[in-house]
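Asker: Protein chains in written order, with the numbering used here: chain A, 1 to 274; chain D, 275 to 619. We treat Cβ as the ideally placed atom computed from N, Cα and C, and that holds for glycine. Here you go, one structure.
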Amino acid sequence: MRSNSSSLTPKAPLALTIAAYAGLLFLHVPILIIFLYTLTPDETTYTFPLPGITFKWFGIALQRADLWRSVTLSLQVAAIATFAALILGSLAAAAVYRSNFFGRESISFLLVLPIALPGIVTGIALRTAIGGFDIPFSFWTIVIGHATFCVVVVYNNVLARFRRMQGSQIEASMDLGANSFQTFWYVVFPNIATALLAGGMLAFALSFDEVIVTTFTAGQQTTLPIWIFSQLSRPRDRPVTNVAAMIVMLITFLPIFLSQRLTASSSDTEGNSK
Amino acid sequence: MAQQTPPAIKFDKVSRHFGDVKAVDEADLEIRDGEFFSMLGPSGSGKTTCLRMIAGFDRPTAGQIFLYGQDVSNLPPYDRDVNTVFQDYALFPHMSVSENIAYGLMVKKVARPERMKKVDEMLELVQLSGFGGRKPSQLSGGQRQRVALARALINHPKVLLLDEPLGALDLKLRQQMQVELKAIQKRVGITFIFVTHDQEEALTMSDRIALFNQGKIEQIGTPAEIYEHPKSAFVAGFVGTSNLVRGEVARRITGMDVTFSIRPEKIHLGNIKEKAPTDSYSSDGTIRDVVYLGLYTRYHVELDGGGDLVVVEQNLKSTSMDVLKNKGQRTRLHWNKEHISKMGA
């Protein structure tokens, strides 16, 4: 018994436990409040308790074409930015991992920089550059803006996985007669697959709810977060905005949840194989 | 005499330089068909670089490498009929044991039933029948080693390269694998090239050994030749322990201007009152130190007029009490003249 309990972490004092839960509540109660007020019949004020319960806002939201246009746009931007990030990010990771070239460290640093820079700096920089080259602001400028930070997420994930992978596996594959393509497909790709998935989902979630860079790189387009932003000035639509916020949350929650699950389980098995 | 089969591997003045570092410097080497050949040397001596050049992971900066007469110096690894057992095994963690072993056949698009049949044969060869469905992470170190061996042998390569494959195993398993590797080599009849820094391992398993030092091959020969007749001080010191005698001391003993080495077990601790046998060299001295090591005893003898020699004697009859009494005794060391190896330097 003694040896058993000593290998476990000791139980935290009650005060600490309460404080921890209070912290979690503080973070998540506001989100629940948004969910709650999607059901209110009173559109302008947040009264509590709710004067009643209604599902009519879901119906109204469903009929708002502008809302669904922005949802679709956001999904498209996120999907394409993520796809570009998957390819560029893993190529960059492979280059930095496998070869030792002049300026490797600087490239690594420059790749990671966009996520550390405040979005507003990236946004202004992109706007100036895009404007300076007389490129019209469009769907694609949003995608490019989002790709700057999506690439980082994929790059970091894949590079970390490469570093944990035994380098000799690639040599072993070639040694056994596989050419470069076969080696990639049968050995490298399965090794980094979960990292790609995790990085991709995180990138998708980041892109989907991005506001700042989007404001600077969009033309007439309204992504979902921007649409929500614009709704704030219309108090009568507040419950519809709440419904939209709920959609954003659900769409971003799922990938983040899944990506955490995936990376956690694959690091377990890799730990075992050591 | 005309040779029927060309050598399995031939190095023709092969060099591999990394910047200013000469990892391998003009190495000439011939490895015979079907031989168990060891490349022995301390780390950084160039033996692994040689192996990697044979495998194709590295290319020589100068010189040519021939595989059964064919120049392979610039072929990629997948175009050479050579397979490797890696030091860290390099098994594919996401594949089962069977899939790992079948990999070489799979990339060559061998049909599935044929593949499975060969995998079963290989599993049997390395005594892992029934383990095919497991993942590498579920195997012990020794078992992974066998999987790596089976995976490399399934293509039936012309030459199998083994890069310190026993390094990660504990002593007992290591000795068992040494015997087993040798047996497998006899059974499959493939040329094995074995890289190791462990001289005992090389002596146990090899038909011939190449001893590497600082990118150069110091000596090539059978284990007995290398042990009994080391050509240089380095060889004498690296393989087993040896007394290196030079200068004034060597002249006094042999009457010649030479440097020579003599193995400690070849020297007899003679009675100071008895004459040494006629065909031997001898030298008088005093036993300064006695180290009892169970199986044998090691004596450090200080020679009259300078110099030290280490002598070992098996404890056939003597006990520790007996041998320890020898400390401080006078002795007349002698050894057969044939047992010394003369060196150039």
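Could you give the C-beta distance for D:Ala-282 and D:Asp-307, rounded to a whole number, given that I count them as a contact under 8 angstroms?
Answerer: Indexing the second sequence from 1 puts residue 282 of chain D at position 8. Indexing the second sequence from 1 puts residue 307 of chain D at position 33. That belief holds up - the Cβ atoms of D:Ala-282 and D:Asp-307 are roughly 5 angstroms apart, short of 8 angstroms.
Asker: At what residues does the alpha helix (DSSP H) containing A:Thr-17 begin and finish?
Answerer: As a first step, residue 17 of chain A must be located in the first sequence, where it is residue number 17. It spans 14-36 - the alpha helix (DSSP H) in which A:Thr-17 sits, taken as one unbroken run.
Asker: When you compare the CB of D:Ala-619 with every CB in chain A, is at least one pair closer than 8 angstroms?
Answerer: In the second sequence, counting from the first residue as 1, residue 619 of chain D sits at position 345. Any answer about D:Ala-619 is weak, because its pLDDT of 49 lies below 50 and its placement is not dependable; what the coordinates show is given next. No, D:Ala-619 lies away from the interface with chain A (no Cβ there is under 8 angstroms from its Cβ).
Asker: Since D:Lys-460 is in the beta strand (DSSP E), which residue starts that stretch and which ends it?
Answerer: Locating residue 460 of chain D in the second sequence gives position 186, where the first residue counts as 1. Careful: D:Lys-460 lies outside any beta strand (DSSP E), inside the alpha helix (DSSP H) at 445-462.
Asker: Flag D:Arg-425 as yes if its beta-carbon sits less than 8 angstroms from any beta-carbon of chain A, otherwise no.
Answerer: As a working mapping, residue 425 of chain D is identified with position 151 in the second sequence. Cβ-Cβ to chain A under 8 angstroms: yes for D:Arg-425.
Asker: Just the chain D side, please: which residues come within less than 7 angstroms of A:Leu-254 by C-beta, in chain order?
Answerer: Position 254 of the first sequence, counted from the first residue, corresponds to residue 254 of chain A. By Cβ distance, chain D contributes nothing, its closest Cβ being about 25 angstroms from A:Leu-254, past 7 angstroms.
Asker: For A:Leu-196 and A:Asn-157, what's the separation of their Cα atoms in angstroms?
Answerer: Indexing the first sequence from 1 puts residue 196 of chain A at position 196. Indexing the first sequence from 1 puts residue 157 of chain A at position 157. Going by the C-alpha atoms only, they are around 7 angstroms apart.
Asker: Looking at the structure shown, is A:Ala-93 part of a helix, part of a strand, or coil, going by DSSP?
Answerer: Residue mapping note: residue 93 of chain A aligns to position 93 of the first sequence, counting from 1. Reduced to three states, the DSSP call for A:Ala-93 is helix.
Asker: Let me confirm a value: D:Thr-465 is counted as buried when at least 16 other C-beta atoms fall within 10 Å, else exposed. Which label applies?
Answerer: Start at 1 with the first residue of the second sequence, and residue 465 of chain D comes out as number 191. By the 10 Å Cβ count, D:Thr-465 comes out buried.
Asker: Within 10 angstroms of its Cβ, does D:Ile-546 collect 16 or more other Cβ (buried), or is it exposed?
Answerer: Along the second sequence, read from residue 1 onward, the residue named residue 546 of chain D stands at position 272. Under this definition D:Ile-546 is an exposed residue.
Asker: For D:Phe-366, go through chain A and note every residue whose CB falls closer than 7 angstroms to its CB, in chain order.
Answerer: Counted from its first residue, the second sequence places residue 366 of chain D at position 92. What D:Phe-366 touches in chain A: Gln-169, Val-187.
Asker: Where do the ends of the alpha helix (DSSP H) carrying D:Leu-607 lie?
Answerer: Within the second sequence, the letter at position 333 stands for residue 607 of chain D. Per DSSP, D:Leu-607 belongs to no alpha helix (DSSP H); it is in the beta strand (DSSP E), 604-610.
Asker: Look at the alpha carbon of A:Asn-191 and the alpha carbon of D:His-368, and state the distance between them as a whole number of angstroms.
Answerer: Working through the first sequence from its first residue, we reach residue 191 of chain A at position 191. Working through the second sequence from its first residue, we reach residue 368 of chain D at position 94. The alpha-carbon atoms of A:Asn-191 and D:His-368 are separated by roughly 7 angstroms.
Asker: Does A:Ile-18 pass the burial test, meaning 16 or more other C-beta atoms within 10 Å, or should it be called exposed?
Answerer: Here the question's residue 18 of chain A lines up with position 18 in the first sequence. When all chains shown are included, A:Ile-18 counts as exposed.
Asker: What residues from chain A crowd round D:Ala-297, counting only those whose CB sits closer than 9 angstroms?
Answerer: In the second sequence, counting from the first residue as 1, residue 297 of chain D sits at position 23. In chain order: nothing, as chain A lies at least about 17 angstroms away.
Asker: Using a Cβ-Cβ cut-off of less than 8 angstroms, give me the residues of the region 307-335 of chain D that come near chain A, in sequence order.
Answerer: Residues passing the 8 angstroms Cβ filter: Ala-329, Gly-330, Phe-331.
Asker: Of all Cβ atoms in chain A, is any one closer than 8 angstroms to the Cβ of D:Tyr-352?
Answerer: Here the question's residue 352 of chain D lines up with position 78 in the second sequence. By this cut-off, D:Tyr-352 is an interface position.
Asker: Report the option in A:Gly-52, A:Gly-145, A:Ala-84, A:Met-249 whose CA atom is closest to the CA atom of A:Phe-216.
Answerer: Within the first sequence, residue 216 of chain A is the residue found at index 216, counting from 1. It is A:Gly-145.
Asker: Could you tell me which whole alpha helix (DSSP H) segments of length 4 or greater appear in the region 37-86 of chain A?
Answerer: Counting whole runs of 4 or more residues, the region 37-86 of chain A contains the alpha helix (DSSP H) stretches 56-63.
Asker: Since D:Ile-494 sits in a beta bridge, which residues does DSSP pair it with?
Answerer: Within the second sequence, numbered from 1, the residue matching residue 494 of chain D stands at position 220. Per DSSP, D:Ala-484.
Asker: Would you say D:Lys-540 reaches chain E, if we count a Cβ-Cβ gap shorter than 8 angstroms as a contact?
Answerer: In the structure shown, chain E does not exist; the protein chains are A and D.
Asker: Put D:Tyr-555 into one of helix, strand or coil per three-state DSSP.
Answerer: The count along the second sequence starts at 1 and reaches residue 555 of chain D at position 281. D:Tyr-555 falls in the strand class under three-state DSSP.
Asker: Let me know if D:Ala-601 comes out buried or exposed under the rule of 16 or more other beta-carbons within 10 Å of its beta-carbon.
Answerer: Here residue 601 of chain D refers to the residue found at position 327 when the second sequence is read from its first residue. Reading off the sequence, residue 601 of chain D comes out as Lys, not Ala. Per the 10 Å Cβ criterion, exposed.
Asker: Residues of chain D with a CB under 8 angstroms from the CB of A:Gly-177: which are they?
Answerer: For the purposes of this step, residue 177 of chain A is identified with residue 177 of the first sequence, where counting begins at 1. Those within 8 angstroms of A:Gly-177 in chain D are Tyr-352, Gly-378, Val-381, Lys-382, Asn-429.
Asker: Report the start-end ranges of each alpha helix (DSSP H) in the region 515-541 of chain D that is 4 residues or longer and not cut off at the edges.
Answerer: Whole alpha helix (DSSP H) segments, 4+ residues: 521-528.
Asker: Which same chain residues, not among the five before or five after D:Val-584, have their C-beta less than 8 angstroms away from its C-beta?
Answerer: Along the second sequence, one-based indexing puts residue 584 of chain D at 310. For D:Val-584, where only same-chain residues beyond five positions count, the Cβ hits under 8 angstroms are Thr-515, Asn-517, Pro-538, Arg-572, Tyr-573, His-574, Val-575.
Asker: Would you check if there are 3 or more beta carbon pairs closer than 8 angstroms linking the region 310-323 of chain D to the region 478-495 of chain D?
Answerer: Yes, they touch.
Asker: Between the region 372-383 of chain D and the region 452-469 of chain D, do three or more beta carbon pairs fall short of 8 angstroms?
Answerer: Taking 8 angstroms as the limit for Cβ pairs, the verdict is that the region 452-469 of chain D does not touch the region 372-383 of chain D.
Asker: Buried or exposed: D:Glu-388, going by 16 or more other Cβ atoms within 10 Å of its Cβ?
Answerer: Taking the second sequence and counting its residues from 1, one reaches residue 388 of chain D at position 114. Exposed, because fewer than 16 other Cβ atoms sit within 10 Å of the Cβ of D:Glu-388.
Asker: Determine the burial state of A:Pro-235: buried for a count of at least 16 other Cβ atoms within 10 Å of its Cβ, exposed for fewer.
Answerer: Start at 1 with the first residue of the first sequence, and residue 235 of chain A comes out as number 235. Under this definition A:Pro-235 is an exposed residue.
Asker: What does D:Phe-360 touch in chain A if you count any residue whose Cβ is under 8 angstroms from its own?
Answerer: In the second sequence, counting from the first residue as 1, residue 360 of chain D sits at position 86. What D:Phe-360 touches in chain A: Ser-168, Glu-171, Ala-172.
Asker: Would you list the one or two residues that DSSP bridges to D:Thr-478?
Answerer: Translated into the one-based positions of the second sequence, residue 478 of chain D becomes position 204. According to DSSP, which records beta bridges pairwise, D:Thr-478 is partnered with nothing at all.
Asker: Jot down the residue ranges of each uninterrupted beta strand (DSSP E) in the region 569-608 of chain D, minimum 3 residues, whole runs only, in chain order.
Answerer: Taking only runs of at least 3 residues, the beta strand (DSSP E) segments lying wholly in the region 569-608 of chain D are 570-577, 582-588.
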